[in-house]
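Numbering (full-length UniProt numbering), first residue to last: 1 to 369. Heads up, the thing below is written out as C-alpha cells.
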Ligand code: UD1
C-alpha cells in the first residue's frame with residue numbers, strides 16, 4: 001500500500017512524524033514523504049526533519065514562495081506529475097496550508113483517496129487563506145480525521161457522511177509528547193545565542209506573529225508591536241520572528257528591537273518546544289501554539305478575533321485578545337498578576353492519534369478487498 005505523506009510548511013512536519021513512525025510498523029505500508037518546498041529556509045524546514053528524526057523526503061518539489069495562485073499552482077503541477085508516476089493508493093494531507101489544498105485537489109481528480117489530518121476545524125473567517133484551504137480539502141477528502149468535537153460538528157453540519165469522520169485526537173500533541181524526552185537534551189540554542197542578554201532562568205513571555213491579517217497591514221502590525229513593547233517593560237519577551245514578519249517589519253520601517261524584547265531567528269522544533277513549555281505565558285497568532293499551550297497548561301493570549309480551535313478556549317488556557325493594544329496589555333498584566341487561565345487537556349490528546357489513524361486506514365483497506 002503506497003501512501004503519499006504530504007508536507008510543505010513548518011507546522012506540517014511535526015504532524016507527519018508520528019504517522020510515519022506508526023506506518024513503518026506495518027510492512028505492507030510503504031510511506032512516501034513528499035515535501036512540496038513551500039517552506040525552504042533551514043530554520044523553517046530542514047531543522048524540523050533533524051529534530052523529528054524524519055528521513056530526507058523521498059520527493060522534493062521545491063516550489064518556494066509566491067502569491068497564493070503561483071504557489072498553489074506550482075504545487076499542483078509538480079505533485080500531479082509525481083502522483084501520476086507513483087500512483088499512490090492514498091494521499092495523506094495535514095493541516096490547512098496551500099500544500100494541503102493543492103495535494104487534495106490533484107489526488108481527488110486522479111481518483112486517489114485523500115485522508116485529511118486535522119479536518120473539520122473552522123474559524124468561519126474566509127479572509128483567512130487557511131479557512132478556504134480547510135473547507136476545500138474537507139469537501140474532497142475521503143477520510144476526515146478530527147482533533148476536537150467542534151470538528152465533528154462542523155463536518156456533520158456541512159453534510160459530510162458520518163462514516164467518513166473519525167475522531168482521533170490531535171496529532172501535533174502526539175509529536176509534542178514524543179519530543180518531551182528528547183527535549184531534555186535539546187540544544188537550546190537560545191541559551192547559547194542569547195546568554196549575554198537574557199537569563200532563561202528568569203520569567204519570560206514568548207511571542208510569535210505571522211498571520212497575514214496581523215503582519216501585512218501596517219496599522220495592525222504597529223499597534224500589536226506597540227502593545228508588545230509595553231508588555232515587554234514588565235517581562236522580557238522572546239520573539240522568534242517568522243520570515244514573513246521580518247519582511248513586513250522592514251517594508252513598513254518598523255522596529256522590533258526594543259530592549260527587553262529579544263528578537264531571534266526561528267528556532268528548531270525541540271528548542272522551540274523547550275522555550276514554550278517554560279514560558280510564563282504566550283502571545284501568538286499561530287494555530288498550533290493555541291493547542292500546545294493548552295497541553296502544557298500555560299496561559300495563551302491569541303492575537304486574533306477568532307479561532308478554529310474552540311476547545312482551547314472552552315477547556316484550555318487560551319483567550320482571544322484581538323489586536324487592540326489596551327486589551328493585549330491588560331490581559332498580559334492580568335496573567336502577571338496571577339490571573340492566567342487554567343485549563344485541562346481535551347479528549348484524545350493522549351499521544352495515540354497516529355495509531356488510531358493507521359487502524360482506520362488498514363480497516364478500510366480490508367473492507368475493500
Ligand atoms: C504558511 C501557511 C500558514 C502557516 C505558516 C506557518 C498558507 C496559506 N499559509 O504561511 O497557514 O501558519 O505557513 O509558518 O499556506 N519565507 C521565507 N522562507 C521560508 C518560507 C517563507 O523566507 O522558508 C518567506 C517568504 O518571503 C514568503 C513568506 O515568508 O513569501 C510567506 O511564506 P508562505 O509560505 O507564503 O506563507 P507563511 O506566511 O509562511
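In this text, a Cβ means the ideal position worked out from N, Cα and C, and glycines have one as well.
I want to check one thing, is the minimum distance from the CB of residue 293 to the heavy atoms of the ligand UD1 below 7 Å? Incorrect: residue 293 has no Cβ contact closer than 7 Å to the ligand UD1.
Residue 242 beta carbon near the ligand UD1 (any heavy atom closer than 7 Å): Answer for residue 242: yes, Cβ within range of the ligand UD1.
From residue 174 to residue 361, what does the alpha carbon distance come to, in whole angstroms? Roughly 18 Å separates the two Cα atoms.
Every unbroken beta strand (DSSP E) inside the segment 229 to 262 [3 residues or more]: DSSP runs (the beta strand (DSSP E)) wholly in the segment 229 to 262: 237 to 240.
Taking buried to mean at least 16 other C-beta atoms within 10 Å of its own C-beta, is residue 139 buried or exposed? By the neighbour-count rule (16 or more Cβ atoms within 10 Å), residue 139 is not buried but exposed.
Starting from residue 292 and walking both ways along the alpha helix (DSSP H), at which residues does that stretch end? Counting along the chain, the alpha helix (DSSP H) containing residue 292 begins and ends at 288 to 296.
Quick check: the segment 73 to 81 against the segment 89 to 103, are there 3 or more CB pairs under 8 Å? Three or more Cβ pairs closer than 8 Å define a contact, and the segment 73 to 81 meets that threshold against the segment 89 to 103.
Looking at the ligand UD1, does it come within less than 7 Å of residue 210, judged from the CB to the closest heavy atom? Correct: residue 210 has its Cβ closer than 7 Å to the ligand UD1.
Compute the Euclidean distance between the alpha carbons of residue 154 and residue 165, then round it to the nearest angstrom. Straight through space, the alpha carbons of residue 165 and residue 154 are spaced by roughly 11 Å.
Taking DSSP as the reference, what is the three-state secondary structure of residue 2? DSSP, reduced to helix, strand and coil, places residue 2 within a strand of the structure shown.
Pick helix, strand or coil for residue 11, following the three-state DSSP scheme. Residue 11: helix per DSSP, three-state reduction.
Residue 124, buried or exposed, once every other Cβ within 10 Å from all chains shown has been counted against 16: Residue 124 should be labelled exposed.
Taking one C-beta from the segment 106 to 113 and one from the segment 318 to 325 each time, how about it: are there three or more such pairs within less than 8 Å? Two segments are said to touch when three or more pairs of C-beta atoms, one from each, lie closer than 8 Å; by this definition the segment 106 to 113 does not touch the segment 318 to 325.
Any heavy atom of the ligand UD1 within a distance shorter than 7 Å of the CB on residue 126? Incorrect: residue 126 has no Cβ contact closer than 7 Å to the ligand UD1.
Length at least 4, wholly inside the segment 90 to 134: the alpha helix (DSSP H) runs in chain order: Taken in chain order, the whole alpha helix (DSSP H) runs of length 4 or more contained in the segment 90 to 134 are 98 to 109.
Whose C-alpha, out of 203, 207, 216, 242, is nearest the C-alpha of residue 229? Among 203, 207, 216, 242, the Cα nearest to that of residue 229 is on 207.
Which one of 236, 231, 234, 263 has the shortest CA to CA distance from residue 246? The residue with the shortest Cα to Cα distance from residue 246 is 263.
Do residue 212 and residue 43 count as a contact pair if the criterion is CB distance below 8 Å? At least 8 Å separates the beta-carbon of residue 43 from that of residue 212.
Pick helix, strand or coil for residue 302, following the three-state DSSP scheme. Reduced to three states, the DSSP call for residue 302 is strand.
In the structure shown, what three-state DSSP assignment does residue 63 receive? In the three-state reduction of the DSSP assignment, residue 63 falls in the coil class, being assigned neither a helical nor a strand state.
Touch check for the segment 309 to 316 and the segment 148 to 163: three-plus C-beta pairs under 8 Å? The segment 309 to 316, when compared against the segment 148 to 163, does touch it at the 8 Å Cβ threshold.
By DSSP, does residue 358 sit in helix, in strand, or in coil? In this structure, residue 358 counts as helix in the three-state DSSP scheme.
Can you tell which of 160, 25, 36, 94 has the C-alpha that lies nearest to the C-alpha of residue 11? Minimum Cα distance to residue 11 is reached at 94.
DSSP has residue 320 in a bridge; who is on the other side? In the DSSP output, where bridge partners are listed per residue, residue 320 has 302.
Considering only their Cβ atoms, is the gap separating residue 248 from residue 283 smaller than 8 Å? No.
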